[in-house]
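Quick note, in our numbering, the sequence shown goes up one by one and the last residue is 152.
Virtual Cβ for every residue (Gly too), placed ideally from N, Cα, C.
Contents: one structure, followed by commentary.
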Amino acid sequence: MKHCITGLILLVSGQVMAAAAPAEAYPSCNLQAQRNVAGTTGGEITDVREAHISVRVNVLQADTGSARKARLLTQAQADRLWRDATQVRSDARQLVRQQGFLSAAERASYDRTLDELARQLCSKLRN
């Protein structure tokens, strides 16, 4: 019985620590690594720069979901970050459809937008 109680205490304390994980535990908060991430083309994604943006959006949305589940974000905050990230992906996709590729300048612009969204997420995690 004593071992069960000890195990339960360790399990609960581990979950509390995971919920209060620092921003550094979220990949979106490492902007340099996110800017260097490579995407893979395939399916609807035919441009490597669009693939990069898609991967960044996926990571940001996954971190947003994790932060919301850990109650570090309100539902409204999570919804806004999710929607804004989806818009970046959609805009990049539309440009690729129109011109056949995403330019380096366009990728840089989308990276700056995603950096700002990541900063907003990570600032909430640090509070």
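Nearest to R93 by C-alpha distance, out of W107, V82, N83, A76, is W107. By the neighbour-count definition (other C-beta atoms within 10 Å, threshold 16), R151 is an exposed residue.
If you check the CB distance, A110 and V82 come in under 7 Å.
DSSP places G90 within a helical segment (H, G or I) once states are collapsed to three. Between the alpha carbons of E131 and D116 lies a gap of roughly 10 Å. In the DSSP assignment, V121 falls within the unbroken alpha helix (DSSP H) covering 100 to 124.
In the DSSP annotation of this structure, R96 is not part of any alpha helix (DSSP H), being labelled neither H nor E. If you ignore the 5 residues before and after A103, its C-beta comes within less than 8 Å of the C-beta of T89, G90, A92, R93, all in its own chain and listed in chain order. The beta carbons of L127 and E75 sit closer together than 7 Å. Comparing alpha-carbon positions, the option among R144, L56, S79, S148 lying closest to T65 turns out to be S79. Counting every other CB atom within 10 Å of its CB across the protein chains shown gives S53 a total of 16 or more, marking it as buried.
Sorting Q124, E49, C147, A129 by C-alpha distance to the C-alpha of H77 places A129 at the top. Between the alpha carbons of A133 and A95 lies a gap of roughly 31 Å.
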